[in-house]
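Visitor: Residue numbers (full-length UniProt numbering): 1 to 345.
Given below as C-alpha cells:
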C-alpha cells in the first residue's frame, strides 16, 4: 500500500464516520423490532451492520487513533439498542430457528460484548435437527457457521464443505461475474477472514484467483457507479494475503472519493459530486435517503480501515506465496442480492 492510497482511504473513512455519527439515531431499533411482522432488513440488519463494521475497525486501529472514540461510541450505542444483549434472548423465544439474531449477536461477541443467557439458549436450539437442517444458500451457511463459532456455539457444519459450494469456492469463469455473484463472493471472503481479523483464512487457490480477477471486476463496478459493491471489493482487496497492484487501488480510492458527498455519505449507486461528473444532487445535509446510502457508507469505513491498518501480528512476516492460477471451470450458482446474504453483511 502506498502513502497516497493510505491518505485517500483515510480521508474517505473520516468523512464517512462523520456522516454515520451524525445519523446514529437512524440505526436505532424501533417498536417493531420484536414484532411478528417486523421488517428485519429495516431494523436488525442496519444495526447489525453498524456493529460488525465498528467491531472490526475498533480491533484494527491503534488505541491512540483519533477515530477510536467515534467508533467505540457507535459500537456502544448499537449494544445499548439491544438492551445489552437482552433483546436477543427475547428474539430467541419468538423465533427460535431464525439465524439472523445469532448473526447480529456474533458481531457484538467478536468485540467482547456478550450475553451469557442468550448464548446458553442459542446453544440448546443449535443442537436440534431443525437448526442443522435449515435450508440456506452456501454463502449464508458459511456465515452462520462463523456466527456460531464467534458466539461460543458448536458449529453445525464445516467451513470447507460450505465454501466449495459457493460461487467463489467453485472458481467460476470470470465472465460470469455479476452483481449477485459479486455480493456473494465478498461475503465469502468476509466470513473466511473473520471480518478482517486474519488474511490467512483465504485458501491459496482462491487468493490467486481473486488477485488475478479482482482488479477488472472492481474497475467494472466503479465504471458502472456501483459504489456499494465497489467498497466491498476494496475490503476484499485489503483482506487478501497479497494486495492487488498499488495503481489499481489508488485509482479505485480516487474514484470512490469522487463519489462521496461533502456530508460523508456515499450512495449505493449513481451520482457523483466532483466537478468532472455533473449533474448530481445539490449539496446539502441530506443528499440521499438513509436506506440508499447507509450500507455503502459503512462499507467505505470498513474497506478503508482494512486498507490503512497495520498488518495483523499473526500474518506479519508469514505471507504465503500465491500459486499460479489453476483454472477449474464450474457451473455458476444463483445467489440473492446483498439483503439475502445474512445479517450483518
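Glycine included, every Cβ here is placed at the ideal spot set by N, Cα and C.
Have a look at residue 186 and residue 101 and give me their C-alpha separation to the nearest angstrom.
Guide: Cα to Cα, residue 186 sits roughly 21 Å from residue 101.
Visitor: Taking Cβ positions, are residue 227 and residue 182 nearer each other than 8 Å?
Guide: Against a cut-off of 8 Å, the Cβ pair of residue 182 and residue 227 comes out as no contact.
Visitor: Contact defined as beta carbons within less than 8 Å: I believe residue 115 pairs with residue 88. What is the distance between those atoms, to the nearest angstrom?
Guide: Confirmed, about 6 Å.
Visitor: Where does residue 176 sit, in a helix, a strand or coil, going by DSSP?
Guide: Three-state result, residue 176: helix.
Visitor: Helix, strand or coil, according to DSSP, for residue 117 in the structure here?
Guide: Residue 117: helix per DSSP, three-state reduction.
Visitor: Using three-state DSSP, classify residue 153 as helix, strand or coil.
Guide: Residue 153: coil per DSSP, three-state reduction.
Visitor: Under 7 Å Cβ to Cβ from residue 229, same chain only, skipping five residues before and after it: list those, please.
Guide: Cβ neighbours of residue 229 beyond the five flanking positions: 179, 182, 183 and 221.
Visitor: Using 10 angstroms around the beta-carbon of residue 175, count the other beta-carbons present and answer buried if the total reaches 16, otherwise exposed.
Guide: Residue 175 is exposed by the Cβ-count criterion.
Visitor: Which first and last residues belong to the alpha helix (DSSP H) in which residue 205 is found?
Guide: That run of the alpha helix (DSSP H) goes 204 to 223.
Visitor: Am I right that residue 103 and residue 153 are in contact with their C-beta atoms under 8 Å? What's the rounded C-beta distance?
Guide: With a Cβ gap of about 12 Å, residue 103 and residue 153 do not count as contacting.
Visitor: Within this structure, are the beta carbons of residue 6 and residue 308 separated by less than 8 Å?
Guide: Result yes, Cβ atoms of residue 6 and residue 308 sit closer than 8 Å.
Visitor: Assuming residue 74 contacts residue 20 (C-beta within less than 8 Å), just tell me the rounded distance between them.
Guide: The pair is a contact, with the Cβ atoms about 6 Å apart (cut-off 8 Å).
Visitor: Using CA atoms only, rank isn't needed, just tell me which of 263, 111, 65 and 70 is closest to residue 85.
Guide: Selected option, being the one with the closest Cα: 111.
Visitor: Report the three-state DSSP secondary structure of residue 1 (helix, strand or coil).
Guide: Residue 1: coil per DSSP, three-state reduction.
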